[in-house]
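For reference, the structure discussed in these notes is given below.
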Amino acid sequence: MVSRKILVYVETSESGPADYSLELVGKARELAAKADMSVGAIVVGYGVSDIAREVIYRGAEEVHVVDDRRLATYSLIPYTTAVAEVIRKVEPEIVLFSATVSGRELAPRVAARLRTGITADCTDVDIGDWVDPATGRRYERILYQIRPTFGGEIMAAIVTPNHRPQMATVRPGLFSVPPRDTSRSGRVFEWNVEVPSDELEKVEVLEVRRERRKVDLKSARVIVSGGRGCGLKGFELVRELAKVLGGEVGASRAAVDSGWIPYDHQVGLTGQTVKPEVYVAIGISGAIQHVVGMKDSKIVIAINKDPDAPIFRIADYGIVGDLFVVLPKIIERLKRR
Amino acid sequence: MPISVVVLVKPVVDPKAVVKFRPDGTIDRSAVKLVVNPYDKYAIEAAVQLKEKLGGRVVGVAMAPPHAADSLREALAMGVDEFILLSDPKLAGSDTLATSYALSAVVRKVWQKLGGLDLVLCGIESSDSNTGHIGPEVGEWLDIPSVSYVDSILEVRDGAALVKRLIEGGYALMKVKLPAVLSVAGTSYQPRIPTLREVLAARRKQITVWSTADVGIDPSLVGLAGSPTRVVRMWRVEIKRRGKIFSDSDVDKVLEKFFEELRRDGVSLGA
Ligand SMILES: Cc1cc2nc3c(=O)[nH]c(=O)nc-3n(C[C@H](O)[C@H](O)[C@H](O)COP(=O)(O)OP(=O)(O)OC[C@H]3O[C@@H](n4cnc5c(N)ncnc54)[C@H](O)[C@@H]3O)c2cc1C
Ligand SMILES: Nc1ncnc2c1ncn2[C@@H]1O[C@H](COP(=O)(O)O)[C@@H](O)[C@H]1O
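Residue numbers (the numbering used here), protein chains in the order written: chain A, -3 to 333; chain B, 204 to 474.
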């Protein structure tokens, strides 16, 4: 019998496979054990054989590689072609992507090409049976895709009964990265995908401006984050509070884009996902793209002058007030302790 | 060179209203007023700015029940020239694949009517489904490029657009051949507040309602029949946060209460 497969689309950088992709490989193994499936990965890029081996060390039983000089950097349309072609040939039951900036455009584009369903931003995936109430038909060991909707107010469980593959993007930072085991072996399949040259010419990346990350907020027990409300001046107070509490400094994208603090400190969809014991959000409104990066913090404290700021809805403790008045007083109190 | 832009606008239940469930566990969308998806205002603003700079036409496209027409007046007041509202009971239950197919069919027809098309703009996501799928999927159905998370459209010239895209850690500058679909993020555009005159003028703008048959949509590809995904169950998220928010004109009082609550709950702030 041909073994049924779960494939994980693995994003890469010069330093190797992305941690959030490896997390998904770990999660896929858990699902595969429940459903009697095997776990594979898809890697697209140029000179990626080391990466393929690394993904095997992390638990993939096979890696499907599209290695092409013209695919050295990510570009949506040719990558769609590469990934869709691999899926057509391998015929997996399930394909998982990370809900990153590129995953959230690549996955739906691939799904549309394959005319299958896709669920965005899952916070959990599981295997289970389902009976279609309309037809009474029973589906065994299919993918349950659990996701927030209505801006996070409602959760939904979604299935893809009749179309294959079952596809989902999964939020980064939910699962742990599986341990590296260099004794593991697996097969690497190299696929030659015909990428039409006009696909490569349709979109041209002229320039990438990116800051490299040096600060790791993941292991911090206390994070004090500042947002647009702080300004350059307010960030001095944010830093001081972080110091007094022995924590790290975090930031919203608005603060990073304003140049008050380097990107290393950004929390959120395009920054880091953090889960400290205490997260203090100062002058941060609580936009969903920020909240996805910090909502699993144990205790959330918000300081904001707008009582209607969405951040208060997900806070354990909130202080409505001007940070320039409130923070100096808090810092003084803590110093007196 | 005047340009032709389609902007995809989703009428949604007012995100400020509390979501209501029917007894059978499905969401009750009937009772509440529909408004323009807040994220789509950035796309509308971007489209109108392009038109102001280059001349041309901005056609809004929405797929929603007929009573959504009222909500589209706001987009018309912001400078959209006319709307096509795709409305048909056959569309009920469409997931993102089915919705993107239906919307792409409408875009194709508008494209023919205009005799050309440069851009399809949409929001980065809708406030009710939050998927961001529609942009890339419409691009795929139309077989044209798509770019998600566009911060700003810097230039449109010689059949290409120069766009700045948000990425992890920064920006990418890219040149995209037209026609293309761009999902506009809310980072660089400030949606305009229409003047009274613009609001009044919007009343005279055209909202044309099309059915699936008007567009030649294959009924087997929309609605529940055309949707690969099924929602099994929905439930309200329990916010497990303590929600102790302190507010008082006297800051010292607020802090007194704040620290006292922390003490009482046994929360220590230090690392
Ligand atoms: C693709 C994409 C990816 C993104 N990724 C991220 C990400 O990774 N991380 C991220 O954070 N954002 C991200 N964003 C941006 C996000 O949508 C918001 O724009 C951003 O989080 C807003 O930052 P902010 O809360 O600091 O600013 P604002 O929303 O402007 O909020 C400022 C807050 O400060 C308060 N304030 C002002 N003055 C004071 C004062 N004196 N005292 C107290 N309070 C005050 C205001 O009441 C307001 O609530 C992303 C957006 C997109 C489209
Ligand atoms: N029913 C619809 N009618 C018109 N535009 C839509 C519709 N659904 C989604 N869109 C567009 O697609 C974007 C992404 O929506 P979504 O994929 O639902 O998160 C929205 O911001 C809209 O621009």
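Built from N, CA and C at the ideal position, the CB exists for glycine as well.
With 16 other Cβ atoms within 10 Å as the buried cut-off, status of residue i
i	result
Pro303 (chain A)	exposed
Phe224 (chain B)	exposed
Asn158 (chain A)	exposed
Gly473 (chain B)	exposed
Ser386 (chain B)	buried
His270 (chain B)	exposed
Ser215 (chain A)	exposed
Ile287 (chain B)	buried
Glu358 (chain B)	exposed
Thr69 (chain A)	exposed
Tyr392 (chain B)	buried
Ser207 (chain B)	buried
Met(-3) (chain A)	Model confidence at Met(-3) (chain A) stands at a pLDDT of 45, short of 50, so the residue's coordinates are unreliable and nothing is read from them.
Gly242 (chain A)	exposed
Ser329 (chain B)	buried
Gly318 (chain B)	exposed
Within-8 Å CB hit, residue i to chain B
i	result
Glu236 (chain A)	no
Arg224 (chain A)	no
Arg100 (chain A)	yes
Glu58 (chain A)	no
Lys1 (chain A)	no
Asn188 (chain A)	no
His334 (chain A)	Outside the modelled stretch of chain A, which goes from -3 to 333, sits residue 334 (chain A), for which no answer is possible.
Arg167 (chain A)	no
Lys210 (chain A)	no
Ile310 (chain A)	yes
Trp126 (chain A)	yes
Gly317 (chain A)	yes
Asp117 (chain A)	yes
Val155 (chain A)	yes
Ala78 (chain A)	no
Phe320 (chain A)	no
Tyr5 (chain A)	no
Pro192 (chain A)	no
Phe146 (chain A)	yes
Met(-3) (chain A)	Its pLDDT being 45, under 50, Met(-3) (chain A) is placed unreliably in this model, and the coordinates cannot settle the point.
Arg109 (chain A)	yes
Pro74 (chain A)	no
Interface flag, residue i vs chain A, CB-CB below 8 Å
i	result
Val353 (chain B)	no
Lys293 (chain B)	no
Glu358 (chain B)	no
Trp344 (chain B)	yes
Thr504 (chain B)	This structure leaves residue 504 (chain B) out entirely; chain B is present only between 204 and 474.
Ile442 (chain B)	yes
Lys380 (chain B)	yes
Val454 (chain B)	yes
Phe461 (chain B)	yes
Ile420 (chain B)	no
Pro339 (chain B)	yes
Ala249 (chain B)	no
Bridge-paired residues (DSSP) for residue i
i	result
Ala265 (chain B)	B:Leu288
Glu203 (chain A)	B:Leu376
Gly314 (chain A)	A:Ala298 and B:Ile448
Glu186 (chain A)	A:Val61
Trp126 (chain A)	A:Tyr135
Ala277 (chain A)	A:Ser221 and A:Ala298
Gly230 (chain A)	Note: Gly230 (chain A) sits in no beta bridge, so no partner.
Leu324 (chain B)	B:Val210 and B:Leu385
Pro13 (chain A)	A:Thr8
Asp120 (chain A)	A:Ile142
Ser34 (chain A)	A:Lys1
Gln162 (chain A)	A:Ile90
Whole-number beta carbon distance between residue j and residue i, since they are thought to touch under 8 Å
i	j	result
Leu279 (chain B)	Lys408 (chain B)	5 Å
Lys213 (chain B)	Ala249 (chain B)	So it is not a contact: roughly 16 Å between Cβ atoms.
Val62 (chain A)	Val106 (chain A)	So it is not a contact: roughly 13 Å between Cβ atoms.
Leu92 (chain A)	Ala14 (chain A)	Not really, about 13 Å apart at Cβ, beyond 8 Å.
Arg224 (chain A)	Ser179 (chain A)	50 Å between Cβ atoms; not a contact.
Handout entry: Beta carbon nearer than 7 Å to a non-hydrogen atom of ligand 2
Key = A Cβ closer than 7 Å to some heavy atom of ligand 2 marks a residue here, and those residues are B:Leu211, B:Val212, B:Lys213, B:Asn240, B:Tyr242, B:Asp243, B:Ala246, B:Val264, B:Ala265, B:Met266, B:Ala267, B:Thr299, B:Thr302, B:Leu306, B:Cys325, B:Gly326, B:Ile327, B:Glu328, B:Ser329, B:Ser332, B:Asn333, B:Thr334, B:Gly335, B:His336, B:Ile337, B:Gly338 and B:Ser386.
Practice task
Can you list the residues near ligand 1, meaning Cβ strictly closer than 5 Å to any non-hydrogen atom, in the order they appear in the chain?
Solution key: Cβ-based neighbours of ligand 1 within the cut-off: A:Gly223, A:Arg224, A:Gly225, A:Ser248, A:Arg249, A:Ala250, A:Gly264, A:Leu265, A:Thr266, A:Gly267, A:Gly279, A:Ile280, A:Ser281, A:Ala283, A:Gln285, A:His286, A:Asn300, A:Lys301, A:Asp302, A:Ala305, A:Asp318, A:Leu319, B:Tyr352, B:Leu369 and B:Ala388.
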